[in-house]
Amino acid sequence: PFGGQGETVTPTGLALVRTLGAEFGPWPAMRVERRALVYGTRTFVDAPNGAMFAWGEADRD
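Under this note's numbering, think of the first position of the sequence shown as 101, with each following residue one higher.
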């Protein structure tokens, strides 16, 4: 668990992630068509302040 102080995710950001159907776990077999790297402006000692999002189509093999 993250022990830092401050907001680590905004309510709007979390709502978007949930609405878009994000899943957490191993990467699925897919062809990545687009990706985005997003970083916040705060620096946390024990945790990264960024995320990577990938869009693509699942492999049908």
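Beta carbons are placed, not taken as given, at the ideal position from N, Cα and C, and that holds for glycine.
Tell me, which residues are paired with residue i by DSSP?
{"i": "Gly177", "result": "Examination of residue 177 is not possible in this model, given that the chain is present from 101 through 161 alone."}
{"i": "Val138", "result": "Ala151"}
Going by Cα to Cα distance, which pick from the options is closest to residue i?
{"i": "Tyr139", "options": "Leu114, Val117, Asn149, Arg131", "result": "Asn149"}
{"i": "Thr51", "options": "Ala158, Gly156, Arg160, Ala151", "result": "With the chain covering 101 to 161 only, the question about residue 51 has no answer from this structure."}
Spatial neighbours of residue i within its chain, please: CB distance less than 6 Å, with the 5 preceding and 5 following residues excluded, ordered by chain position.
{"i": "Arg135", "result": "Ala154"}
Here's a check: name, in chain order, each residue in its chain whose Cβ is nearer than 8 Å to the Cβ of residue i, leaving out the five neighbours to either side.
{"i": "Pro130", "result": "Strictly speaking, residue 130 in this sequence is Met, with Pro absent from that position. Around Met130: Ala154, Gly156, Glu157, Ala158, Asp159."}
DSSP state of residue i, grouped into three classes?
{"i": "Thr112", "result": "helix"}
{"i": "Val117", "result": "helix"}
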